[in-house]
Each structure stands twice: as C-alpha cells, then as structure tokens.
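A short worksheet on the structure shown next.
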Ligand SMILES: *[C@@H]1O[C@H](CO)[C@@H](O)[C@H](O)[C@H]1NC(C)=O
Ligand SMILES: *[C@@H]1O[C@H](CO)[C@@H](O)[C@H](O)[C@H]1NC(C)=O
C-alpha cells in the first residue's frame, strides 16, 4: 500500500506553501463567477502537498521498490476503461504510477462540494469553452479535448487521418485547425450526452509554465496577428512610456503581468488553463496523457481506441525547438518573484490536478 497523504505532507517543505495562501482571493475571479465554486484553500493545499510529495518520491525513485498497483478487476466498469495493467506495454511502472496519482488527485479535488459534476452544471460560458475544445471521432468512439501548445496539431492530424480527410500523419501541409474536424459543440444535447457517456475520453497536459513559455515564444516571437492583437495592447498597458510598438517585443515579464490581470475564463485558448479548457471535473476523462511522454502516451491512446496499425502518432516536426529545463528555469528566475507568486494561483489546478511540482525559484535553484 502506498503511504497515506499525511506522510507526503511531511515530505514536502515550505516551497509549496506561499501560493496556497493566495488561493482564495485569486481563484475568485476564475471560479467564483457563479458564486459557488471557490475551493476550500486548506483542502486544496493538502492535495497539492500530497501530489507534489508523491511526485517528489517518484523523482527520487522511492517508489521503484513498490509493486505496481494491481490491475483493476475487469467488468467493473465499461470495457473501454483503461486497466492499470494495460499501460504496461513499455514495462513502464513510473508512467503507471503517475496515471494512478493523477487519477486519485483528480477524483479527490473533483469530489469537493463546489466542483462541477457534469458539463450541464457549468455556466454557459464554461460549457461553450469545453465543448468547443472537444473533438469527436464516431468511428473509433472517442473524444479528445485539445489543448493548444500540447501537441494538438499532431492530434488533429491523427483525427483527420482516422476520418479519411488526410492520407497520413506525416504529410507536410499547414494544419487547418477547423476544417474536417467535428466539435462536440456542434452537436445536439442528446448527441453530446451520449458521447460523453459512452466514448473513450482523453486529453494531453504539459508542465503549465512550459506551456506558457511555449505560447509566449511562438505567438509573440513568430505570429504577426498575435503581436498586433495582443502584443500592442500588452505593451500599452504594462510598459512605462510604451508608446510605439508593433507588439513583437513583448517581454516575458510583461506577458506574465498581463496574464495575472486576465480572467481565466476569458483568456485566449493558448494560455487559458487546461482546467478551464477541458473541465476535468465535469468531464470524466479516461486518460490524461503527458507531453513529457508524448510518443508512448500517444501510442497507448491509439491502441486503446483501436486505431489501425498504420496510423501512428507523428514524430516531432523537424523545425520544432523544444524548451529545455534550463531555458524554462532561466525565464522563471528572471521574473520578479512577486509576479510569479501572483501568476501561480491562476494555474494552480493545472499543477495540482495533473501533478506537476510548482517551480523552484529559490536563490539556490536559480544560481545554476
Ligand atoms: C529548490 O532547489 C534547491 C537547489 O537545487 C534545493 O536545495 C531545494 O531543496 C529546492 N526546494 C524545493 C522546495 O524543492
Ligand atoms: C481513474 O480510475 C477510474 C476508476 O478505476 C477509472 O474509471 C478512470 O477511467 C480513471 N481515469 C483516469 C483519467 O485514469
């Protein structure tokens, strides 16, 4: 048996503490729209500490000696539910443990009184957002909640190949993010209900700050439309004597300052928290894959939905520049630390539900 949560709480030091103090106030903007969904911060704190502690144990290899969780008894749930044992294709115990931890954390947080239980209990804005992000494949009976900056173009390619709109995943054409794709939002309530209940549902997540940095570098570094639409406004708001700019010189700190002031429910999808895009409490996902293990998790999902063997998850594009741990650390350490502390609570559910450790920007950690 894994040790209890209390054991982990002891494990994790003060590093986790500061953001939780701010939880209540800043969650208000994102979750309190309907006056009910403010998380009890003490409980959230416990969950964050627990998941962070577990993650720490994985990092330290402390769980390696532990037996993997036993495969679940079959027949207990619908047959498309993943069994712990099935994930073992690569003999990957860490991945299995991570899935179990994520699963337990999501269930714990989502069982809180004020968390949404179904898409129908969301506000109209929240529901529209999530339904617009869920892609449907009726042949293979699955739903994929796409998260920009988490390999979503590649998944869209896969969907297009599965539906016959594209020959193979490697064809080198510019991705059209709308055509030949079916969105749950375009269906009738009854059709939505049926698919949510019976289809295999999955999403992919990524370290929240890495996702932000990726969005920042891509949109403000490369995409003129974003520079005009967001960059100009950000500079105008946050740069003293900002004056003239084409919006292509937004600094990461200015971008973060902008995020701190934005309402999470109205953010652009490239930086909206995954929690708001995919509503993991309202939609009981069967699988939460990681960007950090894209190939194997992608392969697992394709197997799970019964995709034909010639459909594989695409390799990284050759032009893709990955973000290294050092690069991310450099950007986070360069931020005014008070600003980072204001930013983290907005993404706290992405950190805690998907079990990512909060960034360590202590002076020792930043010295490297
Ligand atoms: C942060 O990193 C430093 C240096 O690597 C380490 O000594 C410290 O324990 C870390 N703190 C947390 C809370 O992980
Ligand atoms: C979590 O576990 C439950 C119960 O065993 C299962 O039905 C569900 O599909 C799992 N979800 C994820 C995201 O792994």
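Residue numbers (full-length UniProt numbering): 1 to 368.
Positions of the beta carbon are idealized from the N, C-alpha and C atoms, including for glycine.
Output needed for residue i: all residues of its chain with C-beta closer than 7 Å, excluding positions within five of it in sequence on either side, in chain order.
i           : result
residue 398 : Absent from the model: residue 398. The displayed extent of the chain is 1 to 368, so no value can be given.
residue 332 : 209, 340, 359 and 361
residue 207 : 356
residue 337 : 361
residue 137 : 159, 162 and 163
residue 102 : 288, 354 and 355
residue 328 : 209, 210 and 213
residue 186 : none
residue 128 : 185
For residue i, count neighbouring C-beta atoms within 10 Å of its own C-beta (all shown protein chains included) and say buried if the count is 16 or more, exposed if not.
i           : result
residue 139 : exposed
residue 198 : exposed
residue 157 : buried
residue 96  : buried
residue 17  : With a pLDDT of 34 at residue 17, under the threshold of 50, the modelled position of that residue is not reliable, and no figure is offered here.
residue 290 : buried
residue 222 : exposed
residue 133 : buried
residue 236 : exposed
residue 310 : exposed
residue 306 : exposed
residue 154 : buried
residue 297 : buried
residue 303 : exposed
residue 194 : exposed
residue 173 : exposed
residue 261 : exposed
Any heavy atom of ligand 1 closer than 7 Å to the beta-carbon of residue i?
i           : result
residue 126 : no
residue 360 : yes
residue 329 : no
residue 364 : yes
Residue i and residue j look like a contact to me (Cβ under 8 Å); what is the Cβ gap, rounded to whole Å?
i           : j           : result
residue 347 : residue 280 : About 14 Å; that fails the 8 Å criterion.
residue 256 : residue 220 : No, residue 256 and residue 220 are not in contact; Cβ-Cβ is about 12 Å, not under 8 Å.
residue 135 : residue 181 : 6 Å
residue 170 : residue 314 : 6 Å
residue 277 : residue 119 : Not a contact, Cβ separation roughly 13 Å.
residue 202 : residue 285 : 6 Å
residue 335 : residue 253 : 6 Å
residue 369 : residue 200 : In the structure displayed, the chain extends from 1 to 368; residue 369 sits before or after that span and is not available.
residue 105 : residue 352 : 7 Å
In chain order, what residues of the same chain lie with their CB nearer than 8 Å to the CB of residue i, ignoring the 5 residues before and after it?
i           : result
residue 188 : none
residue 121 : 282
residue 324 : none
residue 175 : 153, 156 and 157
residue 215 : 148, 149, 270 and 271
residue 259 : 212, 267, 271, 343 and 346
Spatial neighbours of residue i within its chain, please: CB distance less than 6 Å, with the 5 preceding and 5 following residues excluded, ordered by chain position.
i           : result
residue 196 : none
residue 247 : 227, 228, 231 and 232
residue 116 : 122, 281 and 282
residue 294 : 151
residue 397 : Limits of the chain in this structure are 1 at one end and 368 at the other, which puts residue 397 out of reach.
residue 166 : 160
residue 366 : 333
Less than 7 Å between the CB of residue i and some heavy atom of ligand 3, yes or no?
i           : result
residue 363 : Among the ligands present in this structure, namely ligand 1 and ligand 2, ligand 3 is not found.
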